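Chemist: The opening position of the sequence shown corresponds to residue 1 in the UniProt record's numbering, with each subsequent residue numbered one higher.
Glycine residues also receive a C-beta, built at the ideal position from the N, C-alpha and C atoms.
Predicted model, so just to flag it, every value in this text is computed and none were measured.
Below is one structure. I have some questions about it.
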Amino acid sequence: MSWLKQLSYAWQKTQLQRPELAFMFSKPLAKQWVAIDCEMTGLNPRKHHLLSIAAIHINGDVIDTGNGMHLVCKPPVMPDRDTIVIHGLRTADVEHGMSYEEMLAYLLPFIGNRPIVGFCTQLDTGFLNPLVKRYMGTALPNKIIDVRQLYSQRMGDRTQGIPNQSQHLSNILAHYDIPELGAHDAYNDAIMTAMAFLHLRARS
Numbered sequence: 001m002s003w004l005k006q007l008s009y010a011w012q013k014t015q016l017q018r019p020e021l022a023f024m025f026s027k028p029l030a031k032q033w034v035a036i037d038c039e040m041t042g043l044n045p046r047k048h049h050l051l052s053i054a055a056i057h058i059n060g061d062v063i064d065t066g067n068g069m070h071l072v073c074k075p076p077v078m079p080d081r082d083t084i085v086i087h088g089l090r091t092a093d094v095e096h097g098m099s100y101e102e103m104l105a106y107l108l109p110f111i112g113n114r115p116i117v118g119f120c121t122q123l124d125t126g127f128l129n130p131l132v133k134r135y136m137g138t139a140l141p142n143k144i145i146d147v148r149q150l151y152s153q154r155m156g157d158r159t160q161g162i163p164n165q166s167q168h169l170s171n172i173l174a175h176y177d178i179p180e181l182g183a184h185d186a187y188n189d190a191i192m193t194a195m196a197f198l199h200l201r202a203r204s
């Protein structure tokens with residue numbers, strides 16, 4: 001970690017308003033990650049809302065699906081009927097969901113200090129970090145690993161003509177012959193992201 005990142009990290013820790021989460025700033029154990037995936041009402045964090053999030057631990061080469069979590073939230077605005085086909089969550093599915101504060105009370109201890117693995121992580125953290133900052137005073141301190149970027153790096157010059165395809169997780173899964181689970185379900189997407197990550201690591 002560069003001195004600039006260390007300085008930023010130290011400053012971030014001083015902003016923490018929930019001492020019980022201080023362990024999130026500790027050094028993670030080797031070969032332990034957490035795969036996450038979010039479902040939202042749209043792609044703009046300024047006007048759309050988080051609907052659900054799934055998180056699954058990766059321990060070495062094992063995806064711990066038996067102890068993962070899938071949390072459904074109640075957004076301030078119910079999902080538009082036109083977007084239900086994308087995220088699959090109806091008003092009936094989310095109107096009794098958790099508040100964002102309740103969700104984070106479960107999610108953040110589960111994430112802990114593990115590096116976060118996701119697909120197009122900038123989008124997920126764009127929705128998560130404003131909520132996290134209001135809840136604990138600072139954004140997520142975890143290292144972020146984007147499977148999409150990792151795939152492009154691993155492919156190197158072979159990504160000619162592939163970048164547009166690699167925007168979709170399904171294309172990476174197909175490339176490595178990974179079975180595709182039901183799409184646009186946060187838990188399934190987190191599992192598939194974790195599988196893609198392990199395949200990419202094995203080939204590094």
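Would N67 pass as a contact of N113 if the rule is Cβ separation under 8 Å?
Modeler: As a working mapping, residue 67 is identified with position 67 in the sequence shown. As a working mapping, residue 113 is identified with position 113 in the sequence shown. Result no, Cβ atoms of N67 and N113 do not sit closer than 8 Å.
Chemist: Are three or more beta carbon pairs between the region 101-112 and the region 60-79 nearer than 8 Å?
Modeler: In short, these stretches touch, since the Cβ pair count reaches three.
Chemist: Over what stretch of residues does the alpha helix (DSSP H) that includes A105 continue unbroken?
Modeler: As a position in the sequence shown, residue 105 is number 105, starting the count at 1. A105 -> alpha helix (DSSP H) spans Y100 to I111.
Chemist: Do you know whose CA, among F110, E95 and I178, lies nearest M78's CA?
Modeler: For this step, residue 78 is matched to residue 78 along the sequence shown. Measuring from the Cα of M78, the nearest candidate turns out to be E95.
Chemist: Between the alpha carbons of R134 and Q17, how many angstroms are there, rounded?
Modeler: Taking the sequence shown and counting its residues from 1, one reaches residue 134 at position 134. Taking the sequence shown and counting its residues from 1, one reaches residue 17 at position 17. Between R134 and Q17, the C-alpha separation is close to 9 Å.
Chemist: Measure the C-alpha to C-alpha separation of Y9 and T91 and round it to an integer number of angstroms.
Modeler: For this step, residue 9 is matched to residue 9 along the sequence shown. For this step, residue 91 is matched to residue 91 along the sequence shown. So the two alpha carbons sit approximately 39 Å from each other.
Chemist: Just to confirm, is the Cβ distance from I56 to I63 under 8 Å?
Modeler: Position 56 of the sequence shown, counted from the start, is the residue given in the question as residue 56. Position 63 of the sequence shown, counted from the start, is the residue given in the question as residue 63. Cβ atoms of I56 and I63: closer than 8 Å.
Chemist: In the DSSP assignment, find the alpha helix (DSSP H) that holds L128 and state where it starts and stops.
Modeler: By 1-based counting over the sequence shown, the position of residue 128 is 128. Start and end: T121 to M136.
Chemist: Does the region 38-51 touch the region 14-28, meaning 3 or more C-beta pairs lie closer than 8 Å?
Modeler: no
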